[in-house]
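Let me begin by presenting the structure, written as structure tokens, before commenting on it.
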Amino acid sequence: MAGVDDPGHPTHVVLIGLTGLALLAMVAPACWLALWRGIVRLMAVLAPALAFGRAARAVIRGSAESEFAL
Numbered sequence: 002m003a004g005v006d007d008p009g010h011p012t013h014v015v016l017i018g019l020t021g022l023a024l025l026a027m028v029a030p031a032c033w034l035a036l037w038r039g040i041v042r043l044m045a046v047l048a049p050a051l052a053f054g055r056a057a058r059a060v061i062r063g064s065a066e067s068e069f070a071l
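Residue numbers (our numbering): 2 to 71.
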């Protein structure tokens, strides 16, 4: 698993995106609002697929069983 200090970690991408959104909010609030709403809608659409994928991976790996095994 990649650590926070790992150069391959996507944290910098998220921070750059948030910085861009903050700058857009200062320069063009109407554009920022439209973009923000679009991003939230996209995340809402993708969330069930992400949840299903994570649950399927946990079942395949047997991670829940191993966590509660005696």
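Think of the CB as a built atom: it goes at the ideal place given N, C-alpha and C, for glycine as much as any other residue.
Apart from sequence neighbours up to five positions away, the residues of its chain that approach W33 with a beta-carbon distance below 6 Å are L25 and A26, ordered along the chain. Of the candidates A23, L16 and E68, A23 places its Cα closest to the Cα of W37.
P49 carries a helical assignment under DSSP once its states are collapsed to helix, strand and coil.
In the displayed model, A29 falls within coil according to three-state DSSP, outside both helix and strand.
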